[in-house]
Structures are given as C-alpha cells and as structure tokens.
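Structure first, commentary second.
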C-alpha cells in the first residue's frame with residue numbers, strides 16, 4: 003500500500019508547465035502513479051490564466067523554461083508580483099543546464115532547478131521535500147496566528163522607519179542568542195531576544211536536518227507581532243561549537259515584505275554571510291541601509 007503525502011488522504015496537486023506533449027504525458031503518468039493529482043499547461047501564459055481561475059492553488063509548480071508566448075523565467079517573475087501566487091513552491095525542469103542558467107533560476111526565486119533528462123526518483127523526492135517544507139511552514143504560521151497583511155502598500159516611509167535587521171547565533175548552553183540588531187531604539191514593537199529565539203527555532207523546525215548544512219531563506223508572516231519577516235540562515239566550521247559548526251541566522255522584520263523585496267534582501271544577506279564566514283568586522287548598519295533601498 004502506498005502512503006499518501008497528506009494524512010487526511012487528500013492528494014497533493016502538482017502543476018506541470020511544458021510545451022512538449024510527450025514530456026507532459028510522461029510527467030503526468032509518473033506523478034499520478036506516485037499518488038499526486040496533476041494539472042498542466044503548455045506555456046507560461048496558459049499557466050498564469052489557469053492559476054487565476056483556480057479556487058484551490060496547486061501545492062507546487064514544475065515548469066520548463068523555453069516555451070512560446072511566455073517562458074518559464076517570465077512566468078516566475080509574474081508569480082512573484084502576485085502575493086496569492088508567489089508562495090507556491092516553484093521548480094524549474096529544463097534542458098538548459100549551464101551554471102549561468104541555474105544561477106539565473108535561483109536569482110529569480112526558484113525553489114529548485116532540475117535538468118533534463120531527469121532522474122525520476124530525484125524529481126519525486128524533490129517534490130515531496132518541497133511539499134513537506136510547505137506544510138511545516140503552514141504549521142508554523144498557524145502557531146503564530148492568522149495575520150494577512152495583503153499586498154504591501156505603495157508608501158515606503160513606514161517601512162524605512164520600522165525595518166529591523168537581526169544577527170542571531172546558536173549558543174550550545176542557552177540556545178539562540180541575538181548578537182546584534184539595528185536600528186537600536188527604546189520603542190521596539192517587540193521583544194528582541196524573544197522574537198530572535200522564536201524565529202531561529204522556527205527555521206530549524208521548517209528545514210529540519212538541512213538547517214545546518216545549506217544556506218536557506220524564507221519569507222514568513224509573523225501574526226503575533228503583525229509583521230513580515232525574511233529569515234536567512236547558514237553555518238560555518240567552528241571547532242569551539244559542540245557540533246563543529248556555528249549556526250547563525252540573519253533576519254529582517256518589517257510591516258510588510260513583498261516577494262520581490264525579499265529577493266533584494268536575500269542578495270544583501272548573501273553578501274553579509276560571506277563577510278561573516280570570513281570573520282570580518284561586521285558593520286550591521288551598512289547592510290541595514292542596503293536593505294532599506296529595496297523599499298524605495
């Protein structure tokens with residue numbers, strides 16, 4: 003007997019987008035055999051139109067890149083502009099396999115990038131892993147409560163004065179500790195140490211074992227403080243730590259963070275994490291100012 007991915011017996015839905023009918027058929031057969039529901043489209047425009055008409059969104063999108071009318075890159079960009087659609091996990095499955103192709107896919111916000119011809123077991127494992135992570139995120143959000151900020155307002159002034167940057171590290175004796183944050187003010191809308199502790203533990207719960215091994219970023223709604231958060235965490239070798247690595251987290255908290263703004267923040271965090279790993283002197287305010295330019 004096959005075990006369904008959803009404990010209530012409902013199948014997860016995969017949306018496949020490809021202009022090759024043979025590939026669509028093969029993917030449909032593979033995914034349906036693996037107990038998934040499947041919907042499909044032949045290009046990005048058709049996919050976008052289909053998504054707009056769905057009451058229940060798919061659990062994940064698997065898309066080719068080179069397609070007529072709207073390619074996969076433009077589809078991913080279009081999804082990023084719509085809050086309702088931007089949170090659907092997105093995997094590129096493409097014959098474009100150079101490092102530049104993969105890098106561009108990741109820069110645009112793809113959750114993963116697989117190349118054709120693909121290994122069936124790898125594809126199924128990747129899909130199941132992304133869906134499992136999505137469920138852990140949903141459980142985390144329900145724990146913090148149901149807060150929906152909707153689309154971010156056009157005005158940027160409140161975001162610039164109420165956007166905070168955190169650097170949190172793992173201490174073997176007491177757990178997550180906020181090492182530094184900016185800007186420093188007596189009128190913080192939340193407890194700095196407490197929110198740092200909560201976000202660090204939430205990241206660990208969402209990503210499981212991958213938490214210590216790979217740099218990851220995640221955009222969250224923090225209902226308990228009516229804020230949005232973008233969290234980025236990583237590790238580096240450290241002989242003084244019990245596990246042999248130092249775990250750390252970078253986080254931005256603001257009244258609203260759109261998907262596109264989160265991509266800008268991620269680039270800044272990648273620059274900051276490089277400095278941390280090289281053990282350079284960190285001027286957190288400098289990176290805070292770079293992040294604020296995303297709200298301009």
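In the working numbering, the protein residues as written are 3 to 298. Ideal Cβ positions, reconstructed from N, Cα and C, are used throughout, including at glycine. Note that the structure is a prediction, hence the values are computed from the model and not measured.
Identify whether residue i lies in helix, strand or coil by the three-state DSSP scheme.
i, result
"residue 21", "coil"
"residue 278", "helix"
"residue 229", "strand"
"residue 90", "coil"
"residue 84", "coil"
"residue 264", "helix"
"residue 235", "strand"
"residue 39", "strand"
"residue 222", "strand"
"residue 177", "strand"
"residue 71", "coil"
Exposed or buried, what is residue i when buried is set at 16 or more other beta-carbons lying within 10 Å of its beta-carbon?
i, result
"residue 35", "exposed"
"residue 175", "exposed"
"residue 223", "buried"
"residue 100", "exposed"
"residue 165", "buried"
"residue 128", "buried"
"residue 276", "exposed"
Bridge partners of residue i, per DSSP?
i, result
"residue 166", "255"
"residue 248", "238"
"residue 182", "169"
"residue 95", "116"
"residue 65", "19, 94"
Segment contact flag, the region 87-101 with the region 236-249, C-beta cutoff 8 Å, min 3 pairs: Output reads no: the region 236-249 does not touch the region 87-101.
Between the region 256-267 and the region 73-87, are three or more C-beta pairs nearer than 8 Å? As far as the Cβ criterion goes, the region 256-267 touches the region 73-87, which means the pair count is three or higher.
Enumerate, from N- to C-terminal direction, the unbroken alpha helix (DSSP H) stretches of 4 or more residues contained entirely within the region 112-136. The qualifying runs do not exist here; there are none.
Evaluate contact between the region 107-119 and the region 275-291, counting only Cβ atoms and requiring at least three cross-stretch pairs below 8 Å. No, they do not touch.
For the 8 Å Cβ check, are there 3 or more pairs between the region 38-48 and the region 60-77? Contact holds: three or more Cβ-Cβ distances are below 8 Å.
Would you call the region 106-113 and the region 11-18 touching, i.e. three or more CB-CB distances under 8 Å? The region 106-113 is not in contact with the region 11-18.
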